[in-house]
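Notes follow the structure.
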Amino acid sequence: PFLKLAPCQYDDGFWELYLIPKFTIASGTLAALAAVSGKIDQIPDITHRKIKKIQISGSGPAPVQSDGDFIGNTPVEFELDGARLPLLLPQK
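Written out as structure tokens, the structure reads:
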């Protein structure tokens, strides 16, 4: 398929977190292209973690969106509760 997301399991109960040091437009573009081609794990310096919970904060409040909708400001915390989300995926 054309779109092969970064190597991950959709049903393992974890989020995939990729950390890009010294983020720039160029490094972000490279990471995005590598992710959609399934090759982000081949880029040096990008750190991968499997997580169930994340806290996001900064030097001050910043708007947070979820699925394009404003849900509040930082700091925020997201946590998987162990339930799996049903996904509708095309057959191979």
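Numbered as in my numbering, the sequence shown ends at 435 without a single skipped number. Glycine included, C-beta positions come from ideal geometry on N, C-alpha and C. Owing to the predicted nature of the structure, the values given are computational and were not obtained by experimental measurement.
Please report the Cβ distance between residue i and residue j, rounded to the nearest whole angstrom; I am assuming they are in contact, meaning their Cβ atoms lie under 8 angstroms.
i: Asn416; j: Pro404; result: 4 angstroms
Locate the alpha helix (DSSP H) running through residue i, then write down its first and last residues.
i: Gly371; result: 368-379
Enumerate in chain order the residues of its own chain whose CB-to-CB distance from residue i is below 7 angstroms, with the five nearest sequence positions on each side excluded.
i: Ile383; result: Ala349, Tyr361, Ala374, Ala377, Ile389
i: Val407; result: Ile414, Gly415, Asn416, Thr417, Val419
Whole angstroms are fine: how far does the CA of residue j sit from the CA of residue i?
i: Asp424; j: Ser370; result: 32 angstroms
i: Glu396; j: Lys435; result: The question names Glu, but residue 396 in the sequence shown is Lys. Cα to Cα, Lys396 sits roughly 31 angstroms from Lys435.
i: Lys365; j: Phe357; result: 25 angstroms
i: Leu392; j: Ile368; result: According to the sequence provided, residue 392 is Arg. The question's Leu does not apply to it. So the alpha carbons of these two residues sit roughly 22 angstroms apart.
i: Ser402; j: Ile386; result: 29 angstroms
i: Ile394; j: Glu359; result: 6 angstroms
Who are the Cβ neighbours of residue i in its own chain at under 6 angstroms, not counting the five residues just before and after it?
i: Asp410; result: none
i: Pro433; result: none
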